[in-house]
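In UniProt numbering, the protein residues as written are 1 to 566. Here is the structure we will look at.
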Amino acid sequence: MTKKIFILSLFILIFTLISCGQDQIITDMQTTDIPITDIPTTEIVTTQPISTEILTNEMGEYILEEGLVPKMIEDNYRVYYEIFLGSFSDSNQDGFGDIQGVINRLDYLNDGQASSGVSLGVTGLWLMPIMPSPSYHKYDTTNYLSIDPVYGNMDDFENLVSEANQRGIDIIIDLVLNHTSNQHPWFKNALNAYKEGDLDNPYLEYYVLVTEEEKLPNRTYHHFYGELYYEGNFSSSMPELDLDSLLVRQEIQQIIEFWFNKGIKGFRLDAVKYPYYEEHQKNIDFWNWFMDQVYMQRSDAYVVGEMWDSDENIYPYYEPFNNFDFGFSQLNGAVSMTVKNLETVNDYVRYLDRYKNNVLKVNPQAILQPFISNHDMNRAAGFLMVDEYAMHMAANLYILTYGTPFIYYGEEIGMLGSRSTENTDANRRLAMYWGDGDSVTNPIGSTWTVDRQINGSVQDQIGDPNSLYNHYKKLIMVRNAHPEIARGQYTLIDFSELITFGGFLSTYGDSTVGVFHNTGFGQVTIDLSQYTDYEFSQLSAYLGQAQASLDGQTLTIGPRTSVVLK
Numbered sequence: 001m002t003k004k005i006f007i008l009s010l011f012i013l014i015f016t017l018i019s020c021g022q023d024q025i026i027t028d029m030q031t032t033d034i035p036i037t038d039i040p041t042t043e044i045v046t047t048q049p050i051s052t053e054i055l056t057n058e059m060g061e062y063i064l065e066e067g068l069v070p071k072m073i074e075d076n077y078r079v080y081y082e083i084f085l086g087s088f089s090d091s092n093q094d095g096f097g098d099i100q101g102v103i104n105r106l107d108y109l110n111d112g113q114a115s116s117g118v119s120l121g122v123t124g125l126w127l128m129p130i131m132p133s134p135s136y137h138k139y140d141t142t143n144y145l146s147i148d149p150v151y152g153n154m155d156d157f158e159n160l161v162s163e164a165n166q167r168g169i170d171i172i173i174d175l176v177l178n179h180t181s182n183q184h185p186w187f188k189n190a191l192n193a194y195k196e197g198d199l200d201n202p203y204l205e206y207y208v209l210v211t212e213e214e215k216l217p218n219r220t221y222h223h224f225y226g227e228l229y230y231e232g233n234f235s236s237s238m239p240e241l242d243l244d245s246l247l248v249r250q251e252i253q254q255i256i257e258f259w260f261n262k263g264i265k266g267f268r269l270d271a272v273k274y275p276y277y278e279e280h281q282k283n284i285d286f287w288n289w290f291m292d293q294v295y296m297q298r299s300d301a302y303v304v305g306e307m308w309d310s311d312e313n314i315y316p317y318y319e320p321f322n323n324f325d326f327g328f329s330q331l332n333g334a335v336s337m338t339v340k341n342l343e344t345v346n347d348y349v350r351y352l353d354r355y356k357n358n359v360l361k362v363n364p365q366a367i368l369q370p371f372i373s374n375h376d377m378n379r380a381a382g383f384l385m386v387d388e389y390a391m392h393m394a395a396n397l398y399i400l401t402y403g404t405p406f407i408y409y410g411e412e413i414g415m416l417g418s419r420s421t422e423n424t425d426a427n428r429r430l431a432m433y434w435g436d437g438d439s440v441t442n443p444i445g446s447t448w449t450v451d452r453q454i455n456g457s458v459q460d461q462i463g464d465p466n467s468l469y470n471h472y473k474k475l476i477m478v479r480n481a482h483p484e485i486a487r488g489q490y491t492l493i494d495f496s497e498l499i500t501f502g503g504f505l506s507t508y509g510d511s512t513v514g515v516f517h518n519t520g521f522g523q524v525t526i527d528l529s530q531y532t533d534y535e536f537s538q539l540s541a542y543l544g545q546a547q548a549s550l551d552g553q554t555l556t557i558g559p560r561t562s563v564v565l566k
């Protein structure tokens, strides 16, 4: 134990030196006949940053090695890409991103050719709210059955769905059912009716309206009119819907049917613990009802909820639908702590397996949704740029896992953005840095300027085979070529005495792969036969800062690198 504490302290010291601008320290870890330990030698290992076995042709397109072909399976195990339309791409030079802008960029996201290597290769899009709203973020709608005119119109949306589907991309849209805007006609009609004494008006049943005596603890209320107050836990401009109302539920049924008729695959559900605030079982009962309506429209629908809470509170919400796995994300999340070697790779793999097993106990058909940041968080590049390849390593950890990972737009180029002292989420939702003259601008309230995007634009990174953008592209291609990674049954391998090395087996059908990570700064050579009875026959791919090789059952893997073995 003392040795492990000493070693962990040493790695923290190394990270500190790097973050202070010191020369990178790379140590070498070797083994012969005995299991390796994380004891550095004095030898300095220099590595050429070759990211993977994937080759490039003279046009700069990526070519998978022979026999390694992406397998596009029609299910919900995909790689999703979250887009805030207002900041993504502007098609009409008004400064605002729009639906046509996304259509224009579809070939960047996925050109429909699984092994072309030209596009990023994502197979799903999550569109943040697209419905009319008075706010820039649009999480307070005024019409559930329309498109905000800043983004375009319904014809544009239907065209986007069609073009995306032709490329093998599913689309889910953000749906906010906890509240509407106070500018919604439902709320305006309710207010006018009450003022006029029309107490039988049906719109008075749409919102949570109470007297002073009826207020519940831990809820936020705002004055409606006369003796009544309305519940608005997020803002006075966002009144809470009464989801017990049969009229509201009829509206929800219409909303679900409407959007599935437009061709979407499903929904991302906002703030799923808020319909009945902190009353978890009532929330779950409501969402079970909601999913019954969804499956009546589309049996293979994909729905994911935002349950931002502890793991223990997230698990029960997997009963009605999938949920984002918040424990993987942010500064102190499992991915970040592992990349920084503040937690071991072995601990990360065990956390992943434990989380997966707990979820599957609740819902055997559940899918995990790992991610490292989203529109409500500081961007990952800001808290992961402890060294040049930290973002590469973080991507390896959460994309080479079971389930359906979500990439926040711009993450693939290391975009920066944080609330910081300005205390505005607009800084987390900045304009996509294309570098090709796109006229999209930062959202209202942002205080960042483009010169702070020090990691470069899409155009800067496309031509660099070792860029973060090209790493994401290759990583997704490798993941798609190994369906075992996303869909398989895990077998843990105990590397508990190691800090920076670990991995697992994943079996899907009659095929098994091994995924192994080296998060450290030194090369690792390890005899895998001392840890597992499974015999590997080939090194299928390696991704990261350095190279890797397999000699019999002896794996040699360079620093900040991951491998897939078969």
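Glycine included, every Cβ here is placed at the ideal spot set by N, Cα and C.
Spatial neighbours of L384 in its chain, beta-carbon cut-off 7 Å, leaving aside the 5 residues before and after: Against the sequence shown, residue 384 aligns to sequence position 384. The residues S336, V339, A390, M391 and A394, in chain order, have a CB closer than 7 Å to that of L384 in the same chain once the five nearest residues on each side in sequence are set aside.
Would you check if the distance between the CB atom of T142 and the CB atom of P134 is smaller than 8 Å? Working through the sequence shown from its first residue, we reach residue 142 at position 142. Working through the sequence shown from its first residue, we reach residue 134 at position 134. Yes; because the gap between Cβ atoms is below 8 Å, this pair is in contact.
Span of the beta strand (DSSP E) around G124: Indexing the sequence shown from 1 puts residue 124 at position 124. Taken as a continuous stretch (DSSP letters only), the beta strand (DSSP E) holding G124 covers G124 to L127.
Buried versus exposed, by CB contacts within 10 Å (16 or more), L216: To locate residue 216, count along the sequence shown from 1; it is residue 216. Exposed, since its Cβ has fewer than 16 Cβ neighbours within 10 Å.
According to DSSP, residues forming a beta bridge with N518: Working through the sequence shown from its first residue, we reach residue 518 at position 518. DSSP lists F501 and T561 as partners of N518.
As a quick exercise: from S87, L539, F501 and S549, pick the residue whose alpha carbon is nearest that of Y531. What you label residue 531 is simply residue 531 of the sequence shown in a count that begins at 1. For Y531, the nearest C-alpha among the options comes from F501.
Can you say whether M1 is buried or exposed, counting buried as having 16 or more other CB atoms within 10 angstroms of its CB? For the purposes of this step, residue 1 is taken as residue 1 along the sequence shown, with counting starting at 1. Residue confidence for M1 is low, a pLDDT of 44 falling below 50, so the modelled location carries little weight and cannot support an answer.
Taking the straight line between their C-alpha atoms, what separation do you get for D376 and N332? On the sequence shown, position 376 is the one that residue 376 refers to. On the sequence shown, position 332 is the one that residue 332 refers to. Going from the Cα of D376 to the Cα of N332 covers about 15 Å.
Excluding the 5 residues flanking K3 on each side, which residues of the same chain have their C-beta closer than 7 Å to its C-beta? Against the sequence shown, residue 3 aligns to sequence position 3. Because the pLDDT at K3 is just 41, under 50, the model does not fix this residue reliably, and the value given afterwards should be weighed accordingly. The beta carbon of K3 is closer than 7 Å to none in its chain, skipping five residues each way along the sequence.
Can the beta-carbon of N178 be found less than 8 Å from the beta-carbon of E240? For this step, residue 178 is matched to residue 178 along the sequence shown. For this step, residue 240 is matched to residue 240 along the sequence shown. Contact: yes.
Can the beta-carbon of L539 be found less than 8 Å from the beta-carbon of L475? For the purposes of this step, residue 539 is taken as residue 539 along the sequence shown, with counting starting at 1. For the purposes of this step, residue 475 is taken as residue 475 along the sequence shown, with counting starting at 1. The answer is no: Cβ separation not under 8 Å.
Could you please give the first and the last residue of the uninterrupted beta strand (DSSP E) stretch that includes Y472? Residue 472 sits at position 472 when you count from the first residue of the sequence shown. First-last for Y472: L468 to A481, but that is the alpha helix (DSSP H), not the beta strand (DSSP E).
Proximity to F84 [Cα-Cα], best of L342, Y151, G266 and D170: As a position in the sequence shown, residue 84 is number 84, starting the count at 1. Between F84 and the set L342, Y151, G266 and D170, the nearest pair of CA atoms involves Y151.
Nearest to W434 by alpha carbon, out of G414, V349 and N396? Here residue 434 is taken as the residue at index 434 of the sequence shown, counted from 1. The shortest C-alpha separation from W434 is found at G414.
Rounded straight-line distance, which links the Cα of G112 to that of I103: For this step, residue 103 is matched to residue 103 along the sequence shown. For this step, residue 112 is matched to residue 112 along the sequence shown. Straight-line Cα distance between these residues: approximately 13 Å.
Excluding sequence positions up to five away, which residues of its chain have a Cβ less than 8 Å from the Cβ of I485? Taking the first residue of the sequence shown as position 1, residue 485 is located at position 485. Around I485: L400, T401, Y402, R479, S506, V513, V515 and V564.
Closest Cα partner of P405 within the set S420, Y472, N423 and G463: If you number the sequence shown from 1, residue 405 lands on position 405. Minimum Cα distance to P405 is reached at Y472.
For the candidate residues I499, V524 and W126, whose alpha-carbon lies nearest to that of T556? In the sequence shown, residue 556 corresponds to position 556, counting from 1. For T556, the nearest C-alpha among the options comes from V524.
Determine the closest residue to Q365 out of S457, E388, F321 and F371, with distance taken between C-alpha atoms. The residue given as residue 365 occupies position 365 in the sequence shown. When each option's Cα is compared against that of Q365, the closest is F321.
Can you grab the Cα-Cα spacing for the pair D33 / S439, in whole Å? Walking along the sequence shown from the start, residue 33 turns up at place 33. Walking along the sequence shown from the start, residue 439 turns up at place 439. A caution first: D33 carries a pLDDT of 28, below 50, which makes its placement in the model unreliable, though a value can still be read off. Taking the straight line joining both Cα atoms gives about 60 Å.
What runs of the beta strand (DSSP E), each 3 residues or longer, lie entirely inside the region 220-263? With a minimum length of 3 residues, the continuous beta strand (DSSP E) runs that stay inside the region 220-263 are 221-225 and 228-231.
Helix, strand or coil at S549 [DSSP, three-state]: Taking the first residue of the sequence shown as 1, we reach residue 549 at position 549. Three-state result, S549: strand.
Return the chain-ordered list of same chain residues with a C-beta closer than 7 Å to the C-beta of I462, the five sequence neighbours on each side being excluded. As a position in the sequence shown, residue 462 is number 462, starting the count at 1. Y469, listed in sequence order.
In angstroms, rounded to a whole number, what distance separates the CA positions of I172 and G417? Here the question's residue 172 lines up with position 172 in the sequence shown. Here the question's residue 417 lines up with position 417 in the sequence shown. Distance between the alpha carbons of I172 and G417 is about 25 Å.
For a test of the three-state rule: what should DSSP assign to L430, helix, strand or coil? Position 430 of the sequence shown holds residue 430. DSSP places L430 in coil when its eight states are reduced to three.
According to the Cβ coordinates, are I562 and N396 closer than 8 Å? The residue given as residue 562 occupies position 562 in the sequence shown. The residue given as residue 396 occupies position 396 in the sequence shown. Here the sequence assigns Ser to residue 562, which means Ile is not the residue at that position. Yes, they are a contact pair.
Strand pairing of F290, partner residues [DSSP]: Position 290 of the sequence shown, counting from 1, holds the residue named residue 290. Its beta-bridge partners do not exist; DSSP assigns none.
Since I83 is in the beta strand (DSSP E), which residue starts that stretch and which ends it? As a first step, residue 83 is located in the sequence shown; it is residue number 83 there, counting from the start. Note, I83: beta strand (DSSP E), Y80 to I83.
In angstroms with no decimal places, state the Cα-to-Cα distance between Y108 and D436. Along the sequence shown, read from residue 1 onward, the residue named residue 108 stands at position 108. Along the sequence shown, read from residue 1 onward, the residue named residue 436 stands at position 436. One C-alpha to the other measures close to 13 Å.
For V210, collect the residues of the same chain with a Cβ closer than 6 Å to its Cβ; drop the 5 residues on either side in sequence, then sort them by chain order. Counted from its first residue, the sequence shown places residue 210 at position 210. Excluding sequence neighbours, V210 sits near Y229.
In this structure, what does DSSP give as the bridge partners for Y207? Numbered from 1 along the sequence shown, position 207 holds the residue referred to as residue 207. Partner(s): L241.
Residue range of the unbroken alpha helix (DSSP H) whose run includes V303: Within the sequence shown, residue 303 is the residue found at index 303, counting from 1. It is not in any alpha helix (DSSP H) - V303 instead sits in the beta strand (DSSP E) that spans Y302 to G305.
Should V345 and N323 be called a contact, given that it needs their Cβ atoms to be closer than 8 Å? Start at 1 with the first residue of the sequence shown, and residue 345 comes out as number 345. Start at 1 with the first residue of the sequence shown, and residue 323 comes out as number 323. No.
Where G552 and S537 are concerned, what is the direct C-alpha to C-alpha distance, given to the nearest angstrom? For the purposes of this step, residue 552 is taken as the residue at position 552 of the sequence shown. For the purposes of this step, residue 537 is taken as the residue at position 537 of the sequence shown. One C-alpha to the other measures close to 7 Å.
Please list, in chain order, all residues of the same chain as F326 whose beta carbon is under 6 Å from its beta carbon, the five residues on each side excluded. Numbered from its first residue, the sequence shown carries residue 326 at position 326. Contacts found: W308.
Sequence-distant residues of its chain with Cβ nearer than 6 Å to G488 (five each side left out): Here residue 488 is taken as the residue at index 488 of the sequence shown, counted from 1. Cβ neighbours of G488 beyond the five flanking positions: S506, T507 and Y508.
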